[in-house]
Every structure is written in C-alpha cells, then in structure tokens.
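Residue numbers (our numbering): -10 to 241.
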C-alpha cells in the first residue's frame, strides 16, 4: 500500500512570513493507506553539498500536511549557498518508505517576465456581451501552458451586481507535463485606461492547479461605477494580464 504525496514550494512564504521566507509544504494526496510518517524537509547548500534541514517532523494520521515556513530566508539565501545561479534545490526525506522510481523528480524553474508576458484582450462592442454570463478571451501561451482571461460584466459570486469580475484561467499544457503539475505565477490583472494610461490593476500570486479551467482572480475586481470613461470608450474595453513570473515544471 502506498500514499501519494506532493511537495509544494511557496516562494514568498506562508501566512505571517509572506515575502521574507520560502516555505516548503508536504501534502498527502489520494491516500490508499494513511500511516503516520516521519519526514525531513530540506534545502541544499550547493557550495558545500550540505542539507539545511527542518529536522524530523511527524506527519500524524489525522493530518494531511506539514510545513516549514522558515526553511529559507530571502535575506541570506545566497550567502548560505542555497541560491546559486538563480537556482535552488529542495527535497524531502521520508523515513521507512521505499525509494521513488526514476522519472519522478521535478525540475522546477521560475521565469521572470516570460515571452509574451503582456496579453491584452480588446472587447469590442462591450454592450453586446451578455452581462450575467462568463466571457473568455482567445487562448494564449505563456510558459508551457495555455491561458485565457475570463470576465463577468456584472460580477460573479460576492461581486454580483456591484463589480466587474476578472480572472486568469489555466488550461492545458503544451508539452508532456502531467496534469498533476501545478503552476506558480505572479501577475497583474488590469483594465486599461484608454485616455491617461492610468490602468486599473491588481496583483495576484499563488498556485494554479494542474487541471484545466482552474482560475485565480477577483470577483470584486472593479466597481461597476468605474466602468465608464476613461476605461470604456466608444463601447470598447481593453482587459489584460501581465505576467511578472511563472513556473515551468519538467520531470527527470
């Protein structure tokens, strides 16, 4: 009997440590037999081949995840040899568990300002879009994945009838990456100011799951009271996304 497990790296930390530390999380996935585990999370000092360890952590039967929110600090990661050539090596040791087969190691890369990192959707004849439905841009590729912009002209969920809702939708991968791979992204969703270029925008960062049609965004992105000039001009609206960074995962 086996458990599936997922190791997740949060580049900008967890909870109160946001932006200061890198956090590492180990999660159970679809367990067939839940057992108590002892695990060790680590980041490698690449200059000395030393593992900086979280120490042994017990993952009890009644819990699905463990983490170390302080595994690596942005402030001294280069000094400690953990960040070399813009590359880090993270891992987990599971005590009393069979060694994983080859081909299950992930090579996780983060790309700043990837190719085609700015995408704009021109919504011509905006008044013709049904206000209570979701509408999507054409697909576009950033990193190794297809994406679409999704809007709800009269709001979605808690933004219903009071906000213009905007989301980024993650789609299929363009190579052979299994759909269990998640994508980490930091991006800005924006509505363009057509007169003063003072765009209305909000930043989003986090993980988008490997399944198609997973979304990240804001149900209360922009108040409907603002949805006029200088953003909506001559029944034309420009909605966009600007990727600041995105992850790419390969297997070896």
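Quick reminder that beta carbons are idealized off the backbone N, C-alpha and C, glycines included.
In whole angstroms, give me the CA-to-CA distance for residue i and residue j.
i, j, result
"residue 229", "residue 112", "10 angstroms"
"residue 186", "residue 177", "15 angstroms"
"residue 114", "residue 128", "20 angstroms"
"residue 173", "residue 96", "13 angstroms"
"residue 99", "residue 201", "21 angstroms"
"residue 214", "residue 44", "53 angstroms"
"residue 175", "residue 63", "17 angstroms"
"residue 118", "residue 226", "11 angstroms"
"residue 139", "residue 218", "21 angstroms"
"residue 110", "residue 125", "9 angstroms"
"residue 191", "residue 205", "12 angstroms"
"residue -1", "residue 236", "11 angstroms"
"residue 59", "residue 239", "26 angstroms"
Closer than 7 angstroms by C-beta to residue i: which residues in its own chain qualify, once you throw out the five before and the five after it? Chain order, please.
i, result
"residue 216", "153"
"residue 39", "none"
"residue 150", "143 and 144"
"residue 34", "41, 69, 70 and 71"
"residue 9", "2, 62 and 63"
Suppose contacts are defined by Cβ-Cβ distances below 8 angstroms. Is residue i in contact with residue j by that definition?
i, j, result
"residue 11", "residue 81", "no"
"residue 180", "residue 220", "yes"
"residue 116", "residue 224", "yes"
"residue 210", "residue 155", "yes"
"residue 147", "residue 208", "yes"
"residue 171", "residue 136", "no"
"residue 233", "residue 101", "yes"
"residue 75", "residue 13", "no"
Here's a check: name, in chain order, each residue in its chain whose Cβ is nearer than 8 angstroms to the Cβ of residue i, leaving out the five neighbours to either side.
i, result
"residue 48", "15, 17, 25, 26, 27, 28, 54 and 55"
"residue 105", "129, 130 and 131"
"residue 84", "26, 27, 28, 29 and 45"
"residue 184", "218, 219 and 222"
Go through its chain and collect everything with a Cβ distance to residue i's Cβ below 6 angstroms, but skip five positions before and after it.
i, result
"residue 164", "133"
Tell me the start and end of each unbroken beta strand (DSSP E) in the stretch 165 to 194 that is at least 3 residues and wholly inside, in chain order.
172 to 180
Where in the stretch 55 to 112 do unbroken runs of the beta strand (DSSP E), each at least 3 residues long, occur, reported from the N-terminal end onward?
79 to 83 and 95 to 101
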